[in-house]
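Residue numbers (the UniProt record's numbering): 1 to 118.
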């Protein structure tokens with residue numbers, strides 16, 4: 001089983017760099033991002049954010065969550081292409097959730113029909 005751990009220190013350092021580049025203080029980061037100042041303080045103390053706060057901060061900063069996952073060397077694997085496509089469709093701002101689901105169903109059906117079994 002693949003194991004990974006979220007690197008909260010690296011995440012905080014990247015957020016701090018983003019904060020500094022925007023010339024903001026942490027109170028302003030809280031206001032701009034919508035994440036409470038107490039959550040930012042907990043992250044600064046090395047505690048992991050909840051998933052909604054993390055998603056909000058990633059969206060605010062433009063950072064990618066995968067950059068902060070530490071993996072064991074023998075478990076470095078890429079996600080399945082179908083999972084990647086699903087993620088891209090659901091994140092596309094030009095698609096409604098219904099349109100993304102419809103495209104996902106079409107792609108999944110075609111993928112299952114056409115993929116080569118290993």
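By construction, the Cβ of each residue, glycine as well, lies at the ideal position given by its N, Cα and C atoms.
Because the structure is a prediction, the values reported are computed rather than measured.
Exercise. Can the beta-carbon of residue 9 be found closer than 8 Å to that of residue 62?
Worked result: By 1-based counting over the chain shown, the position of residue 9 is 9. By 1-based counting over the chain shown, the position of residue 62 is 62. Residue 62 is positioned such that its CB atom lies no closer than 8 Å to that of residue 9.
Exercise. In the DSSP assignment, what are the bridge partners of residue 4?
Worked result: The sequence position of residue 4 within the chain shown is 4, counting from 1. Answer by DSSP bridge pairing, in chain order: 71.
For this session: May I have the straight-line CA-CA distance separating residue 11 from residue 32, to the nearest angstrom?
Result: On the chain shown, residue 11 is found 11 positions in, with the first residue counted as 1. On the chain shown, residue 32 is found 32 positions in, with the first residue counted as 1. So the two alpha carbons sit approximately 18 Å from each other.
Problem set entry | Exposure of residue 114, with buried meaning 16 or more beta-carbon neighbours within 10 Å | Reading the chain shown from its first residue, position 114 is the one you call residue 114. Counting Cβ neighbours within 10 Å, residue 114 comes out exposed, since fewer than 16 surround it.
Exercise. Should residue 49 be labelled buried (16 or more other beta-carbon atoms within 10 Å of its own) or exposed?
Worked result: Residue 49 sits at position 49 when you count from the first residue of the chain shown. Buried, since its Cβ has 16 or more Cβ neighbours within 10 Å.
For this session: For my contact list, residue 40 and residue 26 are in at a C-beta cut-off of 8 Å; report their separation, rounded to the angstrom.
Result: On the chain shown, position 40 is the one that residue 40 refers to. On the chain shown, position 26 is the one that residue 26 refers to. Correct: roughly 5 Å between the Cβ atoms.
For this session: Could you say which of 111, 15, 97 and 106 lies nearest to residue 55 if we only look at CA atoms?
Result: Within the chain shown, residue 55 is the residue found at index 55, counting from 1. Among 111, 15, 97 and 106, the Cα nearest to that of residue 55 belongs to 15.
Exercise. Would residue 71 be called buried (16 or more neighbouring beta carbons within 10 Å of its own) or exposed?
Worked result: Here residue 71 refers to the residue found at position 71 when the chain shown is read from its first residue. Under this definition residue 71 is an exposed residue.
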